[in-house]
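Working notes, beginning with the structure itself.
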Amino acid sequence: MAVFNANTEFRLSTLENWDGELVGTPTSTQITLSDGFRSETYRGSFTYSLAGEVFGTLTGLFEYRGGALFYSLTGMTVDANAIYRAIEIEDNQVRAAQIMLAGADQINGSATGSDELPGFNGNDTILGNGGDDTLDGGAGNDQLNGGIGNDLLLGGDGSDTAVFGVTFASATSQAVSGGYQITSAEGTDIARDVEFFQFSDRLVAADELIPPSTDPPLDLTGTSGSDTLSGGSGNDRLLGDEGNDRIDGGLGADTLNGGDGDDTIIGGPSEDDLRDVIYAGEGNDSVDAGAGNDQVFGQGGNDT
13 MAVFNANTEF
23 RLSTLENWDG
33 ELVGTPTSTQ
43 ITLSDGFRSE
53 TYRGSFTYSL
63 AGEVFGTLTG
73 LFEYRGGALF
83 YSLTGMTVDA
93 NAIYRAIEIE
103 DNQVRAAQIM
113 LAGADQINGS
123 ATGSDELPGF
133 NGNDTILGNG
143 GDDTLDGGAG
153 NDQLNGGIGN
163 DLLLGGDGSD
173 TAVFGVTFAS
183 ATSQAVSGGY
193 QITSAEGTDI
203 ARDVEFFQFS
213 DRLVAADELI
223 PPSTDPPLDL
233 TGTSGSDTLS
243 GGSGNDRLLG
253 DEGNDRIDGG
263 LGADTLNGGD
273 GDDTIIGGPS
283 EDDLRDVIYA
293 GEGNDSVDAG
303 AGNDQVFGQG
313 GNDT
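Residues in the sequence shown are numbered from 13 upward in steps of one, following our numbering.
Listed below in structure tokens is the structure:
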């Protein structure tokens with residue numbers, strides 16, 4: 013299992029390629045590259061071809077910037093030649109990171125920075141620590157813990173779990189576009205493609221995170237003018253009728269019909285398996301189905 017530790021803010025999207033020169037003579041256990049400000053030390057068991065190509069096994073990587081440790085990556089057993097080719101031939105630092113973090117890894121963000129932490133493949137455990145972090149589990153069954161701050165938790169493929177250090181009752185959860193928003197003493201986090209939520213006192217499946225609405229449904233019909241119709245948290249039926257209407261279903265599994273006119277129709281976040289049914293009607297309509305398994309019928313006009 014590889015263990016990644018960010019010492020200062022780390023963001024994968026800004027991991028640039030660079031040209032480091034060899035420092036000293038590479039040995040059978042260590043290679044160091046530097047450009048004067050940035051340096052990388054590779055540790056493992058290495059052999060070299062006459063052309064200088066590296067073979068063997070890479071077990072550790074330490075990057076420094078301005079003499080201070082930027083990050084460390086230890087505990088891995090990786091084909092050194094694959095890393096050599098990714099960096100020296102393909103000039104692709106992100107590809108090298110994918111190879112080194114392809115297993116079930118422990119990935120730790122910096123104490124206060126807003127980190128961007130990738131899991132890639134494998135069943136990873138990712139901890140954001142402080143800052144407004146983005147955790148991307150990638151493939152595999154991942155554990156995503158944003159820590160303190162307003163974090164974005166992306167489960168990716170697999171059965172993923174968002175982890176919180178607070179009780180279920182002390183957190184507030186609501187459906188948002190493409191996922192869930194959890195607000196607690198730790199911050200306000202957005203979780204997408206996450207199947208389970210682990211609180212300090214219980215594990216909650218995504219379909220149990222938000223209790224079904226008990227609000228009565230609304231049945232509203234607009235006038236011949238330009239109306240604004242807003243649904244509640246129940247399963248509402250909203251008909252715009254004539255005019256250029258704005259219809260927002262809100263929560264619940266709603267039925268929304270724009271009717272005639274150039275309407276704006278917003279489905280809102282449906283609760284898990286519930287869905288919105290949207291009829292755009294006549295006219296040039298703009299439809300935002302929102303989250304959930306929705307059905308949208310364009311009908312007449314040039315709809316978006």
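Cβ coordinates follow ideal geometry from the N, Cα and C atoms, glycine included.
Judged by their CB atoms, D172 and D154 are nearer to each other than the 8 Å cut-off.
A direct Cα-Cα distance of roughly 27 Å separates G262 from L215. In this structure, the straight-line span from the alpha carbon of R77 to that of E21 is close to 12 Å. The three-state secondary structure of D136, taken from DSSP, is coil.
Linking A181 to F74 through their CA atoms gives a straight-line distance of about 42 Å. For a cut-off of 8 Å, the C-beta gap from G271 to L251 is around 6 Å, short enough to register as a contact. For Q186, the pairing in a beta bridge is given by DSSP as Q193. A distance below 6 Å between beta-carbons, with the five flanking residues on each side excluded, links T137 to the following residues of its chain, in chain order: Q118, Q155. According to the DSSP assignment, R77 belongs to the beta strand (DSSP E) that extends over 66–77. The beta carbon of D231 sits closer than 6 Å to the beta carbons of R249 from its chain, once the five residues preceding and following it are set aside; these are given in chain order. In the DSSP annotation of this structure, the continuous segment of the alpha helix (DSSP H) that includes I111 starts and ends at 105–112.
Burial state of E198 is buried, judged by a 10 Å Cβ sphere holding 16 or more other Cβ atoms. Take the alpha-carbon of A108 and the one of L24: they are about 12 Å apart. In the displayed model, T26 falls within a helix according to three-state DSSP. Look at N269 here: in three-state DSSP terms it is strand. Cβ neighbours of A80 within its own chain (closer than 8 Å, five residues either side excluded): N19, T20. Taken atom to atom, the span from the alpha-carbon of T89 to that of G64 is near 21 Å.
The beta carbons of I194 and F176 sit closer together than 8 Å.
In the displayed model, E128 falls within a strand according to three-state DSSP. G246 is positioned such that its CB atom lies closer than 8 Å to that of P229. For V35, the closest alpha carbon among the candidates G244, T41, D47 is that of D47. Judged by DSSP in its simplified three-state form, D231 adopts strand. Per DSSP, N93 lies in no beta strand (DSSP E) segment; the continuous alpha helix (DSSP H) that holds it begins and ends at 92–96. Distance check between F211 and each of N157, N256, S238 places N157 closest, using alpha-carbon atoms only. Here the alpha carbons of R55 and I43 stand approximately 7 Å from one another. A distance below 8 Å separates the beta carbons of S236 and D253. By alpha-carbon distance to N135, the top candidate from S126, G152, G125 is G152. With 16 or more neighbouring CB atoms inside 10 Å of its own CB, F132 falls in the buried class. Taking each of P130, A98, L85 in turn and checking the Cα distance to T26, the smallest one comes out for P130. Here the alpha carbons of T69 and A217 stand approximately 41 Å from one another.
In the three-state scheme derived from DSSP, where H, G and I count as helix and E and B as strand, E52 is classed as strand.
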